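Line order of the protein sequences matches chains G and S. Using the working numbering, the letters of the first sequence map in sequence onto residues 718 to 827. Using the working numbering, the letters of the second sequence map in sequence onto residues 32 to 146. Reviewing the structure listed below.
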Amino acid sequence: RKEVEQDPGPFNVPEGATVAFNCTYSNSASQSFFWYRQDCRKEPKLLMSVYSSGNEDGRFTAQLNRASQYISLLIRDSKLSDSATYLCVVKMDSSYKLIFGSGTRLLVRP
Amino acid sequence: EAGVAQSPRYKIIEKRQSVAFWCNPISGHATLYWYQQILGQGPKLLIQFQNNGVVDDSQLPKDRFSAERLKGVDSTLKIQPAKLEDSAVYLCASSFGLAGGDTQYFGPGTRLTVL
Numbered sequence: 718r719k720e721v722e723q724d725p726g727p728f729n730v731p732e733g734a735t736v737a738f739n740c741t742y743s744n745s746a747s748q749s750f751f752w753y754r755q756d757c758r759k760e761p762k763l764l765m766s767v768y769s770s771g772n773e774d775g776r777f778t779a780q781l782n783r784a785s786q787y788i789s790l791l792i793r794d795s796k797l798s799d800s801a802t803y804l805c806v807v808k809m810d811s812s813y814k815l816i817f818g819s820g821t822r823l824l825v826r827p
Numbered sequence: 032e033a034g035v036a037q038s039p040r041y042k043i044i045e046k047r048q049s050v051a052f053w054c055n056p057i058s059g060h061a062t063l064y065w066y067q068q069i070l071g072q073g074p075k076l077l078i079q080f081q082n083n084g085v086v087d088d089s090q091l092p093k094d095r096f097s098a099e100r101l102k103g104v105d106s107t108l109k110i111q112p113a114k115l116e117d118s119a120v121y122l123c124a125s126s127f128g129l130a131g132g133d134t135q136y137f138g139p140g141t142r143l144t145v146l
C-alpha cells in the first residue's frame, strides 16, 4: 500500500466550479500535512499547510481528519489558472522527510 | 531573492553512461534535498544533507547513485552507470533548517532521458 494515495484524475471542471480532492495516508504517526501545486513541467510549490482545525486561504480550504487519516483540499470559484497537479504531502516530524502522493490533476475549462 | 538553481535543465544519455547534476540552494539554507520524480508520480527523496553531512540517504541506490555537498553549499548528484529506469526529473530543494515548519523550496529540475 502506498504511504500517500490520491485519485490521479483528471478532474475536468468549468470555470467557477467548486472542486474537492481527497488524499489518504497510511502512517498514523504522520504529523504535518501540506498541499503542493505543480504546473506542467515545473517544480512543486507549497500551496498551503493543513492544520487539524482546518484552514482557509482565499478560495482554498484544507482539512485534516486524523481519525480517518485523510486530507482534503477544496477549491471554490475555479479559475483557468488553477489548472495544475495538486500533490498531497505528509511529514513525520521524527524524520523531517516529505512523502508525496502521486498527485491529482485538475483541468479548468472556459 | 534568488531561488534554487539547477543545471543542466535537460540531459539525454545512453544507458551505461555517466551523468552529473548540479544544485545551488537558496543562500543561507542549511538543508539540501535531492528528489527523483518519475513521470506520473510524486517526488521521492533520494538524499538529504544538513550543511555537508548526510541526514537521510535510505532511498538512494548506492550502487549507482552518489551525491556530495563538500562545502555545505552547492551539491552534485551523480549516476554511474545509468539505467533506462533512471529517466526522470531530478529536483533539488532547500530549506532553512530541519525544523518541522520549514518550507522546502524546489529548483526547476533536471530532466534526464536515458536511451
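Positions of the beta carbon are idealized from the N, C-alpha and C atoms, including for glycine. Remember, it's a predicted structure, so these values are computed and weren't measured experimentally.
Spatially closest choice to residue i from the options, by CA coordinates
i, options, result
"residue 820 (chain G)", "G:745, G:743, G:756, G:766", "G:756"
"residue 786 (chain G)", "G:725, G:746, G:827, G:724", "G:746"
"residue 62 (chain S)", "S:139, S:38, S:72, S:102", "S:102"
"residue 110 (chain S)", "S:121, S:96, S:123, S:117", "S:96"
"residue 80 (chain S)", "S:106, S:67, S:93, S:57", "S:106"
"residue 55 (chain S)", "S:120, S:99, S:115", "S:99"
"residue 808 (chain G)", "S:135, S:85, S:116", "S:135"
"residue 58 (chain S)", "S:48, S:94, S:33, S:66", "S:33"
Rounded distance between the beta-carbons of residue j and residue i, thought under 8 angstroms
i, j, result
"residue 50 (chain S)", "residue 44 (chain S)", "5 angstroms"
"residue 758 (chain G)", "residue 803 (chain G)", "Not confirmed; about 16 angstroms, so no contact."
"residue 796 (chain G)", "residue 87 (chain S)", "The Cβ separation is near 37 angstroms, so there is no contact."
"residue 761 (chain G)", "residue 137 (chain S)", "5 angstroms"
"residue 122 (chain S)", "residue 68 (chain S)", "6 angstroms"
"residue 770 (chain G)", "residue 783 (chain G)", "The pair is not a contact, with the Cβ atoms about 11 angstroms apart (cut-off 8 angstroms)."
Residues of its chain near residue i, where Cβ-Cβ distance is below 7 angstroms and the 5 sequence neighbours each way are ignored
i, result
"residue 60 (chain S)", "125, 126, 127"
"residue 805 (chain G)", "721, 723, 740, 752, 788, 818"
"residue 82 (chain S)", "61, 103"
"residue 763 (chain G)", "751, 753"
"residue 801 (chain G)", "754, 755, 756, 823"
"residue 799 (chain G)", "792, 823, 825"
"residue 48 (chain S)", "112, 113"
Spatial neighbours of residue i in its chain, beta-carbon cut-off 8 angstroms, leaving aside the 5 residues before and after
i, result
"residue 728 (chain G)", "736, 738, 821, 822, 823, 824"
"residue 731 (chain G)", "795, 825, 826, 827"
"residue 46 (chain S)", "112, 113, 114, 115, 145, 146"
"residue 133 (chain S)", "62, 126, 127"
"residue 810 (chain G)", "748, 749"
9 angstroms Cβ cutoff met for residue i and residue j
i, j, result
"residue 789 (chain G)", "residue 780 (chain G)", "yes"
"residue 719 (chain G)", "residue 743 (chain G)", "yes"
"residue 74 (chain S)", "residue 141 (chain S)", "no"
"residue 76 (chain S)", "residue 816 (chain G)", "yes"
"residue 78 (chain S)", "residue 91 (chain S)", "yes"
Proximal chain B residues relative to residue i, where beta-carbon distance stays under 8 angstroms
i, result
"residue 135 (chain S)", "Of the protein chains in this structure, namely G and S, none is chain B."
Contact set for residue i: own chain, Cβ-Cβ below 6 angstroms, skip 5 residues either direction
i, result
"residue 53 (chain S)", "38, 107"
"residue 41 (chain S)", "142"
"residue 144 (chain S)", "43, 118"
"residue 131 (chain S)", "Its pLDDT being 47, under 50, residue 131 (chain S) is placed unreliably by the model, and the measurement read from it follows with that caveat. There are no such residues."
"residue 793 (chain G)", "735, 776"
"residue 772 (chain G)", "779"
"residue 774 (chain G)", "765"
"residue 85 (chain S)", "none"
"residue 733 (chain G)", "794"
"residue 120 (chain S)", "68, 140, 142"
Residue i beta carbon near the ligand ATP (any heavy atom closer than 8 angstroms)
i, result
"residue 103 (chain S)", "The ligand content of the structure shown is nil, which means the ligand ATP is not present either."
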